[in-house]
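**Student:** Attaching a single structure in structure tokens format; questions to follow.
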Amino acid sequence: MTNDYSPCINICRYTSTKLDKEEIIYCVGCYRSYDEISRWSSYSDSEKKDIEVELEHRKVNFN
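Just so you know, the sequence shown maps onto residues -16 to 46 in this note's numbering.
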């Protein structure tokens, strides 16, 4: 994974869902939260990989 990689697929629309009684606002294209999107370039490769795993879970659970 390179530093300029992003899971963004240019479908930037936001929605929300409840997860463990907490409301999560996320992009329906890449499934990242506002916070993850804004901080993406500052994450280490290891952090990005961890988030990528979480994004796969969100794709299944949020649809």
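Note that beta-carbon positions come from the ideal geometry of N, C-alpha and C, so glycine has one too.
Kindly list the residues whose CB is nearer than 7 Å to the CB of Lys4, restricted to its own chain and excluding five residues on each side of it in sequence; keep chain order.
**Tutor:** Here residue 4 refers to the residue found at position 21 when the sequence shown is read from its first residue. Contacts found: none.
**Student:** Which one or two residues does DSSP pair with Ile8 in a beta bridge?
**Tutor:** To locate residue 8, count along the sequence shown from 1; it is residue 25. Ser(-1).
**Student:** For the candidate residues Asp(-13), Ile(-8), Arg15 and Ser(-11), whose alpha-carbon lies nearest to that of Thr(-2)?
**Tutor:** Along the sequence shown, read from residue 1 onward, the residue named residue -2 stands at position 15. Taking only the C-alpha atoms, the option nearest Thr(-2) is Arg15.
**Student:** Evaluate Tyr9 with the Cβ neighbour count: other Cβ atoms within 10 Å of its Cβ, from every protein chain shown; 16 or more gives buried, anything less gives exposed.
**Tutor:** By one-based count along the sequence shown, residue 9 stands at place 26. Tyr9 is buried by the Cβ-count criterion.
**Student:** Who are the near neighbours of Glu6 in its chain, counting only those whose CB is closer than 7 Å to its CB and skipping five residues on each side?
**Tutor:** If you number the sequence shown from 1, residue 6 lands on position 23. Closer than 7 Å at Cβ, skipping near neighbours: Ser(-1).
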